[in-house]
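So the structure is just underneath, and the comments pick up after that.
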C-alpha cells in the first residue's frame, strides 16, 4: 500500500505538544500536515502552519472487524482515511474523519464525528458506519473518494454494531455486519450485498492515471511512479480481474536522496557531523594495515532507487585504518544494574569509543583479588563473567593499553547476599527519657551493605542508618511500637516489636522446680504459654497490666518477673512508689512461701521460686597481701554471712532488683536491659558460685514477654572483681537492689 512507500506519519513531542508529521523519504525530511481549507459543511477553516495543522490518531484497530483510526489499501493508491483534529496539537476533542486522495499531500474533512470506514470493490468505493455506542440502521457509501455520500439502510431495526467483515476482492461483493438488537439479545448477522449499487463493469474510459508526488516533486524515493485507478464518480465495478498498472522509472540522484547516521543538514544544504557524533568512531574496529569505508556524510537512503547524478560523488571512500590510542573506555553490566547477588554470575561488558580493537590489551580487575587479561577485544565481545563469593562493594577496574596509549574505566558493584530474616532485639521494659539500645539481627549475617529504616511510635518519617543498632529515647509512657525495615538490593524485610515504657519498675529473677526442665522444648510459643501460666498462678488480685513475665530460653528454665506501676499513678511519684512496694511485697511473699505453683500436666507440679543471687568476693592467691587487704576481705565475708542469716530467719525481706529513676537518690542506679532476642547464650545462676569465673564475665540472657510470642530478652550484668597490687579490690552485689560496689551493670 502507498503508506508503506513513504513510511506513513509520525507523532512527535515538541514543547510538550504532540504533533503529526509526514515523510516521503524514510525519515530524512519531515513536515506538518496542511489542514483542509474548508470543513464538512463548506465553511472556511483558518489554520496557518506551523502554528496550526492537521493531527491524526495513528492507532490501528485491535479488533479485526473495525477499521481503526487510520487505514489505506494497496489496491487504492493514494487514498488515506484517518481520524484526527485540527489545531496546535493532537487532541481528543473536536475529532472528525479526514481523507487524502493524493498520498497525504492534501486533506479533506468527510465527517464531523468518528466513523468506521471500509474499502469496497478493491478500493473503488468507500462505506462508512458511525462509531457509536447507540444502535444504528444506516450506512454511507461514496464512489468519488469521499466527496459525496449516499445513505442506505441495512436493517429495519436499529442494531448495536460490533463489527463488519469486508473482503474487497470477492466476486460476490458482500459485506457482513454483526451485532445485537439489544444488550441481552443474541448475535445478529446482516449480509449486505452491494453489487446492485454498481450499474456496470468498468471499461477503459472509467480509469485515469495518478502520479505519486511530494508537494509537486515527482521523484519520490529515487523514482517516478504512475498508477491507474478508477475516476472519481465512476459508479462501476472493478471486478476480480482488476489490475492496477504501475509505471516506474528511476530518477537521477540528487541531494534529497542522501542522508547518513550522525550527520545533520545545515542551511547551506551541507551535511556536517552532529555535536554528539564522532566520525572517527567508524574506524574503531579497524586495525593498522587494514582499510575501511569512511562516510562522506552522504549515504543513499535505504530502498532509494535513484541512479547516476551525485551517487558517485557521495559514495563512501576507502581509507587506511589510522593507529589510535584507547579512548572512551567504558565498563558496564549486561543488565545495566550496579547490584548483583552473591554466588550468581555477574557479566561485564567493556566498550571503547576509539582505538585498535585487535591490538589493544584488556585487563579487568574484579576488585576481589581476581583479575583477567586478554590480548585483544575479541574474547570480551560477549561479556566477561565472574562470580563473587562474598558480599560487599567492589571496585571493578578495566584497563586498555596499546603502543599508542592507555585508558581506564571504573565501576562500583554492590554484591548482596539476600537477607532471609530480621529479628528486632529490643528491651521488653524501658525507662522513660533514658537511652534505649535497639538492634536488628539479620540472617545471614554476611549480607554486605544494608540500609536500615527505623520507625518509632506513630512517626511517618523513618530514621535511616547503615548500622544495625540505634539508640533512642522514649518520651511517652505505655506500649511503644518499634519497626525496622532492612533493604538489601531489591529485597526488603521488616520486623516489629513493642516496648513497655514507664517512669520506674521493679523486677526479680525466677527459677522453677527441676521437673520443669524435662518438659521444656525451648521454643518461643512454649515460653509464652508458661509466662501466662505463671501470671495466673500468682493469684494476688493485682491487675494483669502491672505484671509481666518473661521466660528465658535455654536450660535450666528461668524467668524474670516485671512489676509495673499502675497506669494512673505516675503523676504522684512518691505515693506510686509506695504502692508499688506494697505490690512487690504481696507478690514476693507469695513466692517466698512457695505459694506460686501450677500443674504442667497431670502428675507434674511445678513450684516457682525467687532466685537468690549471691556473689562471693574474688580472693587473690598471691603471697603479697597486706594486712589492710586481708582485713577488707574478712569484712566482706562477715557481711555476706550476716545477710545470709537475716534471710534465713526473716523471709519477709524480698530479693528484688529495683529499676527506678529517683531524683533524690544520692547514688546513681544502673539499669539493666531486657530485650526480646532469641539467639543469645544464657548463663545459669549457678555459675556465680565460682569466684574465678566471675572475672570479666558477661551474662547475656534473653527474655520473652507475653505480648511478643516469638521474642526473648537480654538481661546483661557485668561484674568485675579486681585484686591488684598490695591492696585488693572486692565487689559485692546487694541482692534485690540492683546496686553494686565496684560493679558495673550495663543495659
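Residue numbers (the UniProt record's numbering): 1 to 747.
We put the beta carbon where it would ideally sit given N, CA and C, even for glycine.
Short Cβ contact (8 Å threshold) for residue i with residue j
i, j, result
"residue 89", "residue 18", "yes"
"residue 314", "residue 298", "yes"
"residue 436", "residue 459", "no"
"residue 253", "residue 296", "no"
"residue 587", "residue 598", "no"
"residue 762", "residue 305", "Nothing about residue 762 can be reported from this structure: the residues present for the chain run from 1 to 747 only."
"residue 192", "residue 174", "yes"
"residue 578", "residue 548", "no"
"residue 583", "residue 590", "no"
"residue 232", "residue 147", "yes"
"residue 157", "residue 181", "yes"
"residue 35", "residue 53", "yes"
CB-CB length for residue i against residue j, believed under 8 Å
i, j, result
"residue 109", "residue 98", "5 Å"
"residue 325", "residue 413", "The Cβ separation is near 27 Å, so there is no contact."
"residue 395", "residue 380", "That belief does not hold up - the Cβ atoms of residue 395 and residue 380 are roughly 19 Å apart, past 8 Å."
"residue 349", "residue 383", "5 Å"
"residue 512", "residue 608", "6 Å"
"residue 491", "residue 419", "6 Å"
"residue 111", "residue 40", "7 Å"
Residue i in three-state terms, based on DSSP
i, result
"residue 533", "helix"
"residue 386", "strand"
"residue 324", "coil"
"residue 519", "helix"
"residue 582", "helix"
"residue 116", "strand"
"residue 19", "strand"
"residue 194", "helix"
"residue 427", "strand"
"residue 378", "helix"
"residue 401", "strand"
"residue 477", "coil"
"residue 446", "coil"
"residue 358", "helix"
"residue 560", "strand"
"residue 308", "coil"
"residue 485", "strand"
"residue 149", "coil"
"residue 503", "coil"
"residue 186", "coil"
Distance between residue j and residue i (C-alpha atoms, nearest Å)
i, j, result
"residue 677", "residue 451", "Confidence is the limiting factor: at residue 677 the pLDDT is only 37, short of 50, which leaves the residue's position unreliable, though a coordinate-based value still follows. Approximately 20 Å, taken between the alpha carbons."
"residue 235", "residue 200", "8 Å"
"residue 72", "residue 145", "12 Å"
"residue 278", "residue 271", "14 Å"
"residue 345", "residue 386", "6 Å"
"residue 359", "residue 467", "48 Å"
"residue 260", "residue 91", "34 Å"
"residue 506", "residue 562", "6 Å"
"residue 592", "residue 550", "19 Å"
"residue 373", "residue 268", "50 Å"
"residue 185", "residue 127", "26 Å"
"residue 656", "residue 510", "At residue 656 the pLDDT is 40, less than 50, meaning the model places this residue with poor confidence and gives no usable figure here."
"residue 486", "residue 416", "12 Å"
"residue 496", "residue 426", "10 Å"
"residue 176", "residue 65", "10 Å"
"residue 20", "residue 32", "6 Å"
"residue 116", "residue 68", "7 Å"
"residue 46", "residue 212", "28 Å"
"residue 16", "residue 55", "15 Å"
"residue 448", "residue 640", "51 Å"
"residue 392", "residue 95", "58 Å"
"residue 224", "residue 247", "8 Å"
"residue 397", "residue 356", "20 Å"
"residue 527", "residue 438", "22 Å"
"residue 266", "residue 149", "47 Å"
"residue 214", "residue 155", "43 Å"
"residue 478", "residue 543", "15 Å"
is_contact[residue i, chain D] using C-beta, thresh 8 Å
i, result
"residue 436", "Judged by its chain identifiers, the structure shown contains no chain D, having just a single protein chain."
Problem set entry | Length at least 3, wholly inside the stretch 232 to 291: the beta strand (DSSP E) runs in chain order | 246 to 250, 263 to 265 and 271 to 273
Problem set entry | Continuous beta strand (DSSP E) assignments of at least 3 residues falling wholly in the stretch 21 to 67 | 53 to 56
Exercise. Can you give, in chain order, each stretch of the beta strand (DSSP E) that sits fully within the stretch 63 to 143 and has at least 3 residues?
Worked result: 70 to 72, 80 to 87, 96 to 100, 108 to 111, 115 to 120, 125 to 130 and 138 to 142
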